[in-house]
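Protein chains in written order, with numbering that gives the first Met the number 0: chain A, 0 to 367; chain B, 0 to 542; chain C, 0 to 320.
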Amino acid sequence: MTLPKWADVVLIPLINLLLALFVSGLVVLMIGEDPINAMKIMVNGAVGSTYGWGYTLFYATNFIFTGLAVAVAFHARLFNIGGEGQAQLGALGVALVCLALPWPHWTLALPFAILGGAVFGAAWAAIPAYLQARRGSHIVITTIMFNFIASALLVYLLVSALKAPGMAPESARFPEGTFLPNARDVFGMIGVKFARSPLNVSFLLGLVACFLVWLLLWRTRLGYEIRAYGHSEPAAIYAGISPFRITMITMLISGALAGLMAVNAVQGEAQRLLQDNVLGAGFVGIAVALMGRSHPVGVLIAAVLFGALYQGGAELEFETSVPREMVLVIQALVILFTGALDNMVRGPVTGAFLRFGRRPGATTKAAE
Amino acid sequence: MSVDTQKGRPDAAAPAAHPAIELKGISKAFGPVQANKDIAIRVMPGTIHGIIGENGAGKSTLMSILYGFYKADAGEIFIAGQKTAIPDSQAAIAAGIGMVFQHFKLVENFTVLENVVLGAEDGARLTPSLSKARKLLTELAAEYELHVDPDALIQDLGVGMQQRVEILKALYRQADILILDEPTGVLTPAEADHLFRILEGLRREGKTIILITHKLREIMEVTDTVSVMRRGEMTATVKTAETSPEELAELMVGRKVLLQVDKAPAKPREMVLNVENLKVVGEKGVERVKGISLSVKAGEILGIAGVAGNGQSELLEVLGGIRNGTGRITLNGEEIDLTGQNSDARTRRARGIAHVPEDRHRQGLILDFHAWENVGFGYHHDAKYNSGWLMDNEALRRDTEAKIKKFDVRPPNAWQTAKNFSGGNQQKIVIARELEQNPDLLLVGQPTRGVDIGAIEFIHQQIVALRDAGKAVLLVSVELDEIMSLSDRIAVMFDGKIMGERLPAETSERELGLLMAGITDTTRDVPVEEIEANLARKDGATP
Amino acid sequence: MDFNTIIQILDSTIRLATPLLLACLAGLFSERSGVFDIGLEAKMLVAAFFSAAVAATTGSVLLGLGAGIAASMAFALIHGIASITFRGDQLISGVALNFLASGMTVLIARDWFNQGGRTPALMDGGRFQPIDLPFATAVADVPVLGPIYSELLSGHTILVYVAFAMVPLTWYILFRTRFGLRLRAVGENPGAVDTAGISVVRLRYSAVMIAGVLCGIAGAYLATGLAAGFVKDMTAGRGFIALAALIFAKWRPWYALGACLLFGLLDAIGNRYQSIELLGVAVPGQFMQALPYILTVVILAGFVGKAIPPRAGGEAYVKER
């Protein structure tokens, strides 16, 4: 049974999102705050000022990368739940590049940082990918395990080899030549006032990534093969598509995208390697990919939405008694409604389309 | 909804006053598809009633409703004259109905005993149930010739044995009415004959049997009455003795049907495919193809007959580049790789081998892709579908439009998703894609499985036309009729080996049937025990 | 390492293995029925919070336990609705529940107690107390066996004994009862169960709810037995270690016991020593923490026997057409 395309990609995600927000509103009500007011504060905090926009788009940049990472893997029917660990390793890669040389200018450092983040992220995805492709180990479980291993690895490195002098388990600060221009500088050059925020040129990198992923999936033979493999492995083999090759390449791309998040978070903002450089963005990527229906445009929109949610959530904590964890709850509800409870909405919507005469997809298939 | 089991049961000894089963006005829709429309049927106790119809006619749906597997949208069910609600399988079982599904419903890593007991346990503790079942099973086995080791794991049993377990399951639940859905699809003709003898025995005991099949021959051989279904409707119910295969075929399709393919004698030319001592090891490390040799010439169709699961699929898959094998295979005199980098399907296509796979849903199509995306499937590296780094989707769509026109795919919409085409039109898309590549060798498996009769004729014509154009065709089919009518030569496979080659004009269904059971001395009378022993020896019997 | 140290480490192993074991058996019931559960962590976490919160408010640890189980079952119910009734993706449902638990516990904790996402520390009545087995003091001085009995086996809270008793019980239910037969069948081939006239939905819900109860006990033990109150994200990945143990155990109860004890031992050693000398090489503590995960990956890779999950696991049951 197929729905019209617009219902599938717009209507249903929208209803899912509204349901998630409705339940979140109930939670806010339970805490004794006014949900409408909370919503206003969040929207205003997220997009009501250049400061808000700066943070919103900064978070969104992280989520674009992790969301694309999950989305690309979804197309090959691989559930990469390891974005968190891959981004941690990406952070390590970016940090090693930034600390390796006294970089003279960011334009020189950036390409290498991109390479470092991508390669390390991809490498961390490569092992689960190999185990899935060759040994049949369930990639969901192995990538979860690799998240924990990555976090243990980073903690270890930050108390030993990479530790900077001082108490905190963090690396030395990156040289100034690696600092990326932020939105204030960029807008300043054209005479527009933009508040101080961590938003930096990585956002543009995120947009480029969206376009390249779209091009990959729908305009290249590799993308065609990835999608074909995702729909049916036996069919892929029949068509001469190697499952091993596709699983490896897809996961490498996915891991690299997750790793690129560190260019924004580590090089763009923290400017040093921390114990946790990802702060859950790897997991937000799951929600973003689900909401965005694994399409780069959808991922972009969902990432901005979640960026706004994160920034709005911070404002909410500042102005009301609703703590930051509300964001986590909303995120969970979005995943639940768009990912796991999708059929709850899809069933009635499909039924409605059937009842109102417009036969979805005009099926002629007979049943046995 | 509760069913008075005792009253509801027909007494085998009593005169048959009421029909064992009567269905009135049964309708069922799956979304926009009307699978059953206002169906009425009466089956008298102690008879074997056949239900025949094309793929998709709604036979299985109807019987699944009777078994409580689906809920009907409308209609009434009467069991032995009593109106009975069957909301679920539990109610069906309580009403004395048992069903053997086409795809067996057995737990693979359970023993026979556990499978029989499942759902019919006596109490919360398992041990007493199991020992009771063991005793009863021995009795049933003796009574109905249904011998099977109660402690064997299902996964170690052949399909024939598994089917017996299914029948035993129904008898253990004291079924009076037994429904069998396409039971012979996985059996050799000899095994099928044995099954029919078991059914005869059950009928003598007063049981009522409903046999769903698409094979006219079986209907004619074993049933007392037969109902014909077409497009979700019941078109006729007749006494078997008073009808003919031709009449039934016409009722099934709604017009006169040619049961024979019209073709000129083959004019074989040079050798295209030569296979020597091919061996293939399957999933569980079991050898599935055990050193076979064969050859196909340009301008001829070699048909491979055999019951499913005897290595034909593996043979096709090795040739198609889907599996590895060992041995020596040449195409137009040049060797092709059976392992390694150059043994994949892409290389095969480049060498001029096209492949219509046995299972178009699993292999031949990406069901969620548009028709045009499927037309490039497997050939997506071809220069004609690409421009530089990117795929030329426009070119692919133009090509699709042309193929849709030439092969009369309906609806003629390149943007329709593959899963929304009917079985016949899906197969036409696959056939169009593979045949239009103008291959030297066409591999084709089960070309008409799940395809309506109109499309069957068309597809058969296309395959013969390719042969007449001087191409080599290797055909694998479990439908003996199809093999007999299409092939220029027939090779029979059993247990991974070729039992013999015959010319269609010089062989019979009986002879091929014995070869399919692994018996090469086909001149003598072969007792069924020998066939069974033969089949049991075969390892990894599950297809 | 002297005998006393070994006893102490083993004693701590038992305590640390308890929540793993309960969660692992919870996963076993759920996954044997064909419903994958990566939300063990979530259920333990909500149970930990609600048991501590109720115990802190009422002063009754039993009420706390009840609240913990109820909360965990509520989460199990959501998982059931998503993955059984609406045939959603079981993994995604699990992921969502993990976030929901992580966010909601702190959210409610802040709202109720205003202590930065903690519950107040539990007093004696709000915690499970150690139980001395009979004659524990009497035999304490017997060499070797004395300490093993009185220190290692005796002196745990009731929930520890419950957890270990669950192992043979689970085995019995699974392999010697009608329910167990059906449960295993529905995880292998739901079609067989459905056509045998048994409700697939009801069976799977029972399994998922049993998992809820067991995770509830596990979470309550964390907050009211092992610790004295709830702190943010206090499960600290134990749900995933339990999942790892389940794979390690190849979905079998006695093996689960072994796997959980092993992972408990690793945890106990890691807690006691910052780093360990092994064959002259200093093994960092972080390595010890990561070891359960690494071992699981090795198992999953099939280098030490193949772990084959229940065949119908992870897939919603749809009648074939």
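Built from N, CA and C at the ideal position, the CB exists for glycine as well.
Residue range of the beta strand (DSSP E) that includes residue i
{"i": "Lys470/B", "result": "Run containing Lys470/B: none; DSSP gives neither H nor E here."}
{"i": "Met492/B", "result": "488–493"}
{"i": "His48/B", "result": "47–52"}
{"i": "Asn274/C", "result": "The residue asked about is misnamed: residue 274/C is Ser in this sequence, not Asn. Segment 274–277, the beta strand (DSSP E) holding Ser274/C."}
{"i": "His354/B", "result": "352–355"}
Whether residue i touches residue j by CB criterion (9 Å)
{"i": "Gly239/A", "j": "Arg345/B", "result": "yes"}
{"i": "Ala412/B", "j": "Ile403/B", "result": "One detail in the question is off: residue 412/B reads as Asn in this sequence, not Ala. Yes, these two residues count as a Cβ contact at 9 Å."}
{"i": "Ala55/C", "j": "Thr156/C", "result": "no"}
{"i": "Arg271/A", "j": "Ala171/A", "result": "yes"}
{"i": "Phe336/A", "j": "Val344/A", "result": "yes"}
{"i": "Leu88/A", "j": "Leu299/C", "result": "no"}
{"i": "Gly258/A", "j": "Trp123/A", "result": "yes"}
{"i": "Ile51/B", "j": "Thr224/B", "result": "no"}
{"i": "Val279/B", "j": "Arg268/B", "result": "no"}
{"i": "Gln292/B", "j": "Val271/B", "result": "Checking the displayed sequence, the identity of residue 292/B turns out to be Ser instead of Gln. No."}
{"i": "Glu150/C", "j": "Asp266/C", "result": "no"}
{"i": "Ser196/A", "j": "Thr49/A", "result": "yes"}
{"i": "Ser82/C", "j": "Ser92/C", "result": "yes"}
{"i": "Pro189/C", "j": "Ala311/C", "result": "yes"}
{"i": "Gly226/A", "j": "Ala70/A", "result": "The sequence shown places Arg at residue 226/A, rather than the Gly named in the question. Not in contact: Arg226/A and Ala70/A (Cβ atoms no closer than 9 Å)."}
{"i": "Phe62/A", "j": "Val287/A", "result": "yes"}
{"i": "Ala120/C", "j": "Gly228/C", "result": "yes"}
{"i": "Gln274/A", "j": "Ser150/A", "result": "yes"}
{"i": "Val93/A", "j": "Gly115/A", "result": "yes"}
Same chain, Cβ closer than 6 Å to residue i, neighbours up to 5 away in sequence not counted
{"i": "Gln33/B", "result": "Gly231"}
{"i": "Gly284/C", "result": "Gly269, Gln273, Ser274"}
{"i": "Met492/B", "result": "Ile303, Gly305, Asn309, Gly310, Gln311"}
{"i": "Arg327/B", "result": "Glu275"}
{"i": "Thr521/B", "result": "Glu510, Leu513"}
{"i": "Asp3/B", "result": "Caution applies to Asp3/B, whose pLDDT of 42 falls short of 50 and renders its modelled position unreliable; the value that the coordinates give is listed next. Same-chain partners within the cutoff: there are none."}
{"i": "Ala91/B", "result": "Tyr66, Gly67, Ile85"}
{"i": "Glu433/B", "result": "Ala353, Val355"}
Beta-carbon proximity list for residue i, same chain, < 7 Å, skipping 5 on both sides
{"i": "Gln288/C", "result": "Gly269"}
{"i": "Lys23/B", "result": "Ala39, Gly74, Glu75"}
{"i": "Ala244/C", "result": "Leu19, Cys23, Ala255, Ala258, Cys259, Phe262"}
Limits of the unbroken alpha helix (DSSP H) element including residue i
{"i": "Lys134/B", "result": "125–143"}
{"i": "Arg86/C", "result": "Here Arg86/C belongs to no alpha helix (DSSP H), and DSSP marks it neither H nor E."}
{"i": "Met498/B", "result": "That residue, Met498/B, is in no alpha helix (DSSP H); its beta strand (DSSP E) goes 496–501."}
{"i": "Leu74/A", "result": "Before going on, a small fix: residue 74/A reads as His here, not Leu. Per DSSP, His74/A belongs to the alpha helix (DSSP H) from 49–74."}
{"i": "Gln33/B", "result": "No alpha helix (DSSP H) holds Gln33/B; the beta strand (DSSP E) holding it covers 32–42."}
Which residues DSSP lists as bridging residue i, in chain order
{"i": "Leu247/B", "result": "Paired residue(s): none; Leu247/B is not in a bridge."}
{"i": "Phe163/C", "result": "DSSP lists no partner for Phe163/C."}
{"i": "Leu277/B", "result": "Ile291/B"}
{"i": "Asp180/B", "result": "Ile211/B"}
{"i": "Gln81/B", "result": "Ile78/B"}
8 Å Cβ shell around residue i - same chain, five flanking residues per side excluded
{"i": "Asn3/C", "result": "Pro146"}
{"i": "Gln5/B", "result": "Note that Gln5/B scores 42 on pLDDT, short of 50, meaning its location in the model is unreliable and no value can be drawn from it."}
{"i": "Ile334/A", "result": "Ile285, Ala286, Leu289"}
{"i": "His230/A", "result": "Arg76"}
- At least 3 beta-carbon pairs within less than 8 Å: the stretch 280–300 of chain A vs the stretch 198–216 of chain A: yes
- Query: Contact between the stretch 180–191 of chain C and the stretch 47–60 of chain B: three or more CB pairs below 8 Å?
  - Reply: no
- Task: Answer yes if the stretch 132–148 of chain B comes into contact with the stretch 68–86 of chain B, meaning at least three C-beta pairs across the two stretches below 8 Å, and no otherwise.
- Result: no
- Query: When the Cβ atoms of the stretch 468–481 of chain B are set against those of the stretch 380–388 of chain B, are three or more pairs found closer than 8 Å?
  - Reply: no
- Message: Could you check whether the stretch 207–222 of chain B touches the stretch 230–250 of chain B, counting it as contact only if at least three pairs of C-beta atoms, one from each stretch, sit closer than 8 Å?
- Response: yes
- Task: Report yes or no: do three or more beta-carbon pairs, one from the stretch 211–227 of chain C and one from the stretch 66–79 of chain C, lie closer than 8 Å?
- Result: yes
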